[in-house]
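With this note's numbering applied, the sequence shown corresponds to residues 11 to 311, in that order. Below is one structure; the comments refer to it alone.
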Amino acid sequence: MTLTQDIPARTDPSKPPAQQASLIVQGADATGIVAAVTSVLGAHGANIVSLDQYSDNPQGGAFFQRTVFGLDNLPVALPALRTDLDQHLVSTFGLSYTLRDLSVPKRVAIFASKSDHCLLDLLWRHRQGQLPVTVAMVVSNHPDVAEEVRSFGIPFFHVPCQGADKSAAEAEQLRLLQGNVDFVVLARYMQILSGDFIDSVGVPIINIHHSFLPAFIGAGPYAKAKQRGVKLVGATAHYVTRDLDEGPIIEQDVVRVTHAHTAADLTRRGADVERAVLSRAVLWHAEDRVIRDGNHTIVFA
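Rendered as structure tokens:
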């Protein structure tokens with residue numbers, strides 16, 4: 011069963027808008043979960059702005075819910091609200107939940123290499139107010155994009171990464187990241203992260219790549235795709251795991267191509283799709299719209 015409900019918030023011109031928070035709930039499905047969530051929020055004077063839920067099997071399956079609500083004096087009210095949620099959701103139903111003040115944007119570090127189309131697109135969207143994040147830093151294994159990044163007022167760090175032994179570079183990257191970011195985005199960062207780095211960073215990592223995998227691996231994928239006469243060019247954004255490009259998928263998209271398109275045309279159209287897919291994935295993660303369930307995702311877009 012899927013339920014999507016959008017409830018317009020009551021407005022009073024004499025009062026400032028209520029601060030908003032997101033509540034993400036997941037666990038085993040059971041009768042009464044939605045009622046418990048809405049009852050607790052209502053008891054604390056919260057006004058539900060949107061509510062999305064999904065159950066993969068109403069008869070004992072897994073349950074997922076994202077609720078956005080407004081509440082006056084939110085920072086002060088959150089501790090008492092958490093106490094009630096612990097009692098009514100965790101103790102009663104055995105569910106897990108996260109509760110976050112949406113006025114505090116998530117902090118992101120963007121990793122990039124020489125290819126800058128995804129990086130600059132994210133920075134431009136951020137400057138236009140389209141991505142509710144704080145870009146804490148850009149980290150690159152090449153200095154090529156330093157001046158462009160700094161023109162956005164974003165700190166840039168050049169961390170060279172050469173040869174088979176990347177331990178020194180990853181140690182420096184971890185030093186920059188620890189305690190400073192809530193997630194990392196690989197904006198066409200052309201280095202393979204080690205399993206130790208993924209385990210140590212302690213925050214989600216989002217990657218973007220062309221959708222030809224695993225058919226056309228290595229250098230020149232668009233040229234290889236042209237040789238095979240592909241008819242679709244696309245991109246995949248996913249969370250990074252030790253299994254390289256096999257992590258939980260957040261977003262995908264494709265565009266059609268024909269025999270008349272050159273390899274350069276495919277590359278250009280692929281870059282367009284990569285920008286769009288990555289920006290949506292970052293937006294949805296920043297707004298707590300993505301719930302991970304093993305190697306699967308539920309996306310309330």
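Heads up, the beta-carbon is just placed ideally off N, CA and C, and yes, glycines get one too. From a predicted model like this one, the values you see are computed outputs, not experimental measurements.
Contact set for residue i: own chain, Cβ-Cβ below 6 Å, skip 5 residues either direction
{"i": "Ala146", "result": "Arg117, Ala119, Asn190, Val191"}
{"i": "Phe226", "result": "Lys234, Ala235"}
{"i": "Ile17", "result": "Here the model assigns Ile17 a pLDDT of 38, short of 50, so the residue's position is not dependable and the matter cannot be decided."}
{"i": "Val264", "result": "Leu242, Gly244"}
{"i": "Ala274", "result": "none"}
{"i": "Asp126", "result": "Val155"}
{"i": "Ala296", "result": "Lys116, Pro142, Val143"}
Chain-order list of residues whose beta-carbon lies under 7 Å from that of residue i (same chain, five-residue window excluded)
{"i": "His98", "result": "Ala46, Val50"}
{"i": "Leu276", "result": "Tyr232, Ala235, Lys236, Val243, Val267"}
{"i": "Phe162", "result": "Leu133, Arg137"}
{"i": "His168", "result": "Ser150, Pro153, Ala156"}
{"i": "Leu293", "result": "Leu141"}
C-beta contact flag for residue i and residue j at 8 Å
{"i": "Phe74", "j": "Ala38", "result": "no"}
{"i": "Ala245", "j": "Val287", "result": "yes"}
{"i": "Pro1", "j": "Pro115", "result": "Examination of residue 1 is not possible in this model, given that the chain is present from 11 through 311 alone."}
{"i": "Cys171", "j": "Asn151", "result": "yes"}
{"i": "Arg110", "j": "Ala31", "result": "yes"}
{"i": "His220", "j": "Gly239", "result": "no"}
{"i": "Arg76", "j": "Ile34", "result": "yes"}
{"i": "Tyr64", "j": "Ile308", "result": "yes"}
{"i": "Ile216", "j": "Ala281", "result": "no"}
{"i": "Leu81", "j": "Ala56", "result": "yes"}
{"i": "Leu132", "j": "Ala197", "result": "yes"}
{"i": "Pro258", "j": "His248", "result": "yes"}
{"i": "Glu158", "j": "Leu186", "result": "no"}
{"i": "Val213", "j": "Val195", "result": "no"}
{"i": "Gln36", "j": "Leu112", "result": "no"}
{"i": "Phe310", "j": "Asp66", "result": "no"}
{"i": "Leu254", "j": "Val211", "result": "no"}
Other residues of its chain near residue i: CB distance less than 8 Å, five sequence neighbours each side excluded
{"i": "Thr102", "result": "Ala46"}
{"i": "Pro89", "result": "none"}
{"i": "Ser289", "result": "Asp131, Leu132, Arg135, Gln140, Leu141"}
{"i": "Gly70", "result": "Ala38, Asp39"}
{"i": "Ile208", "result": "Ile215, Val250, Thr251, Arg252"}
Beta-bridge pairing of residue i - partner residues as DSSP gives them
{"i": "Gln30", "result": "Gly80"}
{"i": "Gly37", "result": "Phe73"}
{"i": "Asn57", "result": "Gly80"}
{"i": "Arg302", "result": "Thr307"}
{"i": "Ser221", "result": "Answer is none; Ser221 lacks a bridge partner."}
{"i": "Val243", "result": "Val265"}
{"i": "Ile216", "result": "Val195, Tyr249"}
Chain B contact for residue i (CB, 8 Å cutoff)
{"i": "Gly239", "result": "Checking the listed chains, one finds no chain B in this structure; it contains a single protein chain."}
Alpha helix (DSSP H) segments (min. 4 residues) lying fully within the region 154 to 207: 156 to 161, 177 to 187
Meets three-Cβ-pair contact criterion under 8 Å: the region 191 to 208 and the region 172 to 180: yes
Threshold first: 3 residues or longer. Then list the beta strand (DSSP E) segments lying entirely within the region 250 to 283, N to C. 259 to 266
Inside the region 94 to 163 only - beta strand (DSSP E) runs reaching at least 3 residues: 106 to 111, 116 to 122, 143 to 150
Pairs of beta-carbons, one from the region 147 to 166 and one from the region 292 to 306, closer than 8 Å: are there three or more? no
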